[in-house]
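Note sheet for the following structure.
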Amino acid sequence: ADSALVTAAQLSDRYITERFLPDKAIDLIDEAAAKLKMDATSRPQELDEVSRRLLQVQMEQISLQTEADEDPRARAQLAKLEGEAATLLARQADLNLRWEAEKGKLTRLSNIKEEIERVSMEVEQAENEYELERAAELKYGKLPSLKAELEQAEAEAEAESQAAREGKGGAEEGPPLLRSLVAASDVAAVLSQWTGIPSDRMLRAEAEKLLELPALLASRVKGQATAVEAVADAIMRSRAGLADPSRPLASFLFLGPTGVGKTELAKALAAALFDDEDNMVRLDMSEFMSAESVSRLLGSPPGYVGYEQGGQLTEAVRRKPYSVVLFDEMDKAHPEVFNVLLQILDDGRATDGQGRTVNFKNTIIILTSNTGAAAVIEAEGDPNKEDEVRLKVMDALKMKYRPEFLNRLDEMVIFNPLGLAQLRAIASLQLKALQGRLAARRITLTLADEALDALTDLGYNPEYGARPLKRVVQSELETPLARALLSQAVADGDTVEFTSDAQTGKLTLKVLASEPEPEPEAAAAVAE
Numbered sequence: 001a002d003s004a005l006v007t008a009a010q011l012s013d014r015y016i017t018e019r020f021l022p023d024k025a026i027d028l029i030d031e032a033a034a035k036l037k038m039d040a041t042s043r044p045q046e047l048d049e050v051s052r053r054l055l056q057v058q059m060e061q062i063s064l065q066t067e068a069d070e071d072p073r074a075r076a077q078l079a080k081l082e083g084e085a086a087t088l089l090a091r092q093a094d095l096n097l098r099w100e101a102e103k104g105k106l107t108r109l110s111n112i113k114e115e116i117e118r119v120s121m122e123v124e125q126a127e128n129e130y131e132l133e134r135a136a137e138l139k140y141g142k143l144p145s146l147k148a149e150l151e152q153a154e155a156e157a158e159a160e161s162q163a164a165r166e167g168k169g170g171a172e173e174g175p176p177l178l179r180s181l182v183a184a185s186d187v188a189a190v191l192s193q194w195t196g197i198p199s200d201r202m203l204r205a206e207a208e209k210l211l212e213l214p215a216l217l218a219s220r221v222k223g224q225a226t227a228v229e230a231v232a233d234a235i236m237r238s239r240a241g242l243a244d245p246s247r248p249l250a251s252f253l254f255l256g257p258t259g260v261g262k263t264e265l266a267k268a269l270a271a272a273l274f275d276d277e278d279n280m281v282r283l284d285m286s287e288f289m290s291a292e293s294v295s296r297l298l299g300s301p302p303g304y305v306g307y308e309q310g311g312q313l314t315e316a317v318r319r320k321p322y323s324v325v326l327f328d329e330m331d332k333a334h335p336e337v338f339n340v341l342l343q344i345l346d347d348g349r350a351t352d353g354q355g356r357t358v359n360f361k362n363t364i365i366i367l368t369s370n371t372g373a374a375a376v377i378e379a380e381g382d383p384n385k386e387d388e389v390r391l392k393v394m395d396a397l398k399m400k401y402r403p404e405f406l407n408r409l410d411e412m413v414i415f416n417p418l419g420l421a422q423l424r425a426i427a428s429l430q431l432k433a434l435q436g437r438l439a440a441r442r443i444t445l446t447l448a449d450e451a452l453d454a455l456t457d458l459g460y461n462p463e464y465g466a467r468p469l470k471r472v473v474q475s476e477l478e479t480p481l482a483r484a485l486l487s488q489a490v491a492d493g494d495t496v497e498f499t500s501d502a503q504t505g506k507l508t509l510k511v512l513a514s515e516p517e518p519e520p521e522a523a524a525a526v527a528e
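The sequence shown begins at 1 in UniProt numbering and counts up one residue at a time.
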């Protein structure tokens, strides 16, 4: 389909950086078409999964039949398996019928195309041999009727496919098992296998991503509504075409105390706009404190050690042109680093040690700094002191950085110190992440409200932000859980809860209940 060609060109240009158009787009289409061809000649994946599950259920039935006479649980399980087997048999029969019908339609299309090709060759042969009567009969009689038949068959197939996508007409049984046209989703699926980026993220509209951006950022970065809004607004201006196209998409200087979410916001931006947290180039400026180390950003000049390797900055952006570039702790950088940044921020490009021009126009440049952090901490997040804090921070910036550097930045974003309420929300996020890791072992973790409050109190330190909280989660939750798992006090499938002592605030782990064994279908899914 035409949409597949457009998608192949767009997605390959964005996600495959080591190759060139049109080769990489053609390879995408080629692999997607080959996959459709293989699907047409082999059993569809859905039918194969149903058949394998049916075989597994039948084997379980045989193994339970010997125990069913004596064990009531085995009888109940056997009855359940019999019901599942009946459902699977009906589903298998339905899929087989659909597969045969769709295979017949594809075969008909293929036969018509082969016949058109054969007749076209006969026309050419007849014209070469001056058999004009036969050539005219084939060219103006048989060939047009075959082409009309092909158009009708393709139109019917496209109508059925469209009805299946929209859930209309005769598409109640689901989308077609076999297709003859490569769709945009097929191209995205192939690229997803190559890059590991989920295909649904690739196909999401740019406008949809931008409209959801403030909510996505706020869900990950707590207590920084002003900073999130400023960043989201700058990104939307740039993507709407209102910003200078010769510069990076946006450039920010994140200011504030440590542990308030500066780096987390950079990660959230990479995930929201460029589909993956890994699409972030992170450079720690503590590694670039000397004049000699600055050459590592762009790469060594010819004749020096490391010339072939390229620069840490330029090579990373050359390989991932759509990414967030994070310069962490700019206070520690050598002044020569700012000379490199001036060119990137102004022209959106840099030349590496090998003479290659690297494009930064599709990157978001983020710099973090603790300059003025003392003024931010003193204000304690008081909204009435916001203007005063900004003036103090800007004065500190002007003393630290050159005006031509500050003038090239799109936004200077000040992060507030975190209060107990924001820290509690961050603790909930970290708890959810821990629950996700335990879910693989079917262990349910709950935390009483008073325990969450105690955890927040233990991790609260206005000067260091959320970093102490992470250490508290490790020592108060993860370490007791690890000990309980190793001593088998907690087993797979258990439900555990942490409570806190009202007097001391000490957290205690309790095993509440054990989860029953998973259903056969779930167990099979895990096994597969």
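The C-beta atom is built at its ideal place from N, Cα and C for all residues, glycine as well.
Please list, in chain order, all residues of the same chain as residue i whose beta carbon is under 6 angstroms from its beta carbon, the five residues on each side excluded.
i           : result
residue 57  : 81, 84, 85
residue 497 : 446, 510, 512
residue 252 : 366, 411, 413
residue 325 : 281, 363, 365
residue 227 : 413, 415
residue 67  : 74
residue 528 : With a pLDDT of 40 at residue 528, under the threshold of 50, the predicted position of this residue should be treated as unreliable, and no value is reported.
residue 218 : 228
residue 143 : 119
residue 272 : 213, 216
residue 123 : 135, 138, 139
Does the Cβ-Cβ distance between residue i and residue j come in under 9 angstroms?
i           : j           : result
residue 408 : residue 447 : no
residue 78  : residue 65  : yes
residue 401 : residue 338 : yes
residue 255 : residue 372 : yes
residue 257 : residue 426 : no
residue 289 : residue 222 : no
residue 500 : residue 466 : no
residue 322 : residue 279 : yes
residue 495 : residue 444 : yes
residue 21  : residue 4   : no
residue 434 : residue 469 : no
residue 317 : residue 265 : no
By DSSP, does residue i sit in helix, in strand, or in coil?
i           : result
residue 212 : helix
residue 54  : helix
residue 12  : helix
residue 155 : helix
residue 411 : strand
residue 228 : helix
residue 181 : coil
residue 6   : helix
residue 406 : helix
residue 511 : strand
residue 222 : coil
residue 245 : coil
residue 73  : helix
residue 240 : coil
residue 40  : helix
residue 31  : helix
residue 47  : helix
Who are the near neighbours of residue i in its chain, counting only those whose CB is closer than 7 angstroms to its CB and skipping five residues on each side?
i           : result
residue 42  : none
residue 441 : 492
residue 457 : 505
residue 180 : 106, 109, 157
Between residue i and residue j, which are expected to be in contact by the criterion C-beta below 8 angstroms, what is the C-beta distance as a whole number of angstroms?
i           : j           : result
residue 188 : residue 7   : 7 angstroms
residue 261 : residue 415 : 6 angstroms
residue 112 : residue 150 : 5 angstroms
residue 285 : residue 329 : 5 angstroms
residue 259 : residue 460 : Their Cβ separation, rounded to whole angstroms, is 11 angstroms, which puts residue 259 and residue 460 out of contact at 8 angstroms.
residue 422 : residue 473 : Not really, about 16 angstroms apart at Cβ, beyond 8 angstroms.
residue 312 : residue 283 : 7 angstroms
residue 360 : residue 248 : 5 angstroms
residue 29  : residue 182 : 6 angstroms
Closer than 8 angstroms by C-beta to residue i: which residues in its own chain qualify, once you throw out the five before and the five after it? Chain order, please.
i           : result
residue 236 : 210, 213
residue 92  : 47, 50, 51, 54
residue 334 : 288, 289, 290, 291, 293, 294
residue 31  : 190
residue 508 : 498, 499, 500, 501
residue 103 : 40, 178
residue 172 : Residue placement at residue 172 is flagged as unreliable, the pLDDT there being 46, under the threshold of 50; the coordinate-derived value follows with that caveat. Result list for residue 172: empty, nothing under 8 angstroms.
Practice prompt. Tell me the start and end of each unbroken alpha helix (DSSP H) in the UniProt domain "Clp ATPase C-terminal" (418-509) that is at least 4 residues and wholly inside, in chain order.
Written response: 420-439, 449-459, 467-473, 479-486
Practice prompt. Run through the UniProt domain "AAA+ ATPase" (248-404) for me and flag every whole alpha helix (DSSP H) of 4 or more residues, listed as ranges in chain order.
Written response: 262-274, 295-298, 312-319, 335-347, 373-379, 386-400
Discussion item. I'd like the ranges of any beta strand (DSSP E) spanning at least 3 consecutive residues and lying wholly in the region 77-151.
Written reply: none
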